[in-house]
Amino acid sequence: MKRRADIVAGGNSRLKYVIFEYNMLCPYPRTVLSQHVNGEALTLAEACHKLGFKTVASMPLAMGDALKEHSLKELLEFALDGCDHIIVGSKNTDHIKELLSFLE
């Protein structure tokens, strides 16, 4: 990815973030050795950090499916413990109110 970004940008890529799905139902970006950097097998999150990228967890609530088994607090803490940033959203107004309560 870094190589391709540099090619597209003429050797001066400003790519800083990699966004991927990461939640308690999909922990693979931090558990599966799916990437290779300089011959070393790494997880996606490890490879991102090794290449100087910040990681962004998308779908930390697993489209609401994870809320059937886990609390909102557990899901957010899991995502934040595994990534540098998270993107959170919901169509459910009760979930949004609960999310906003964490900011207080």
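Residue numbering for the sequence shown follows this note's numbering, starting at 919 and increasing by one per position. Just so it is clear, CB atoms sit at the ideal spot from N, CA and C, and this is done for glycine as well.
For residue i: DSSP bridge partner residues
| i | result |
| --- | --- |
| residue 976 | 939 and 1005 |
| residue 1016 | Answer by DSSP bridge pairing: none, since residue 1016 is not bridged. |
| residue 944 | 941 |
| residue 955 | 958 |
Where residue i falls: helix, strand or coil (DSSP)
| i | result |
| --- | --- |
| residue 950 | coil |
| residue 960 | strand |
| residue 992 | helix |
| residue 928 | coil |
| residue 934 | coil |
| residue 1000 | helix |
Assigned exposure category for residue i - 16 Cβ within 10 Å defines buried
| i | result |
| --- | --- |
| residue 1018 | exposed |
| residue 994 | buried |
| residue 926 | exposed |
| residue 979 | buried |
- Query: On the three-pair Cβ rule with 8 Å, is the stretch 974-981 touching the stretch 998-1012?
  - Reply: yes
- Query: Between the stretch 949-963 and the stretch 985-996, do at least 3 Cβ pairs fall closer than 8 Å?
  - Reply: no
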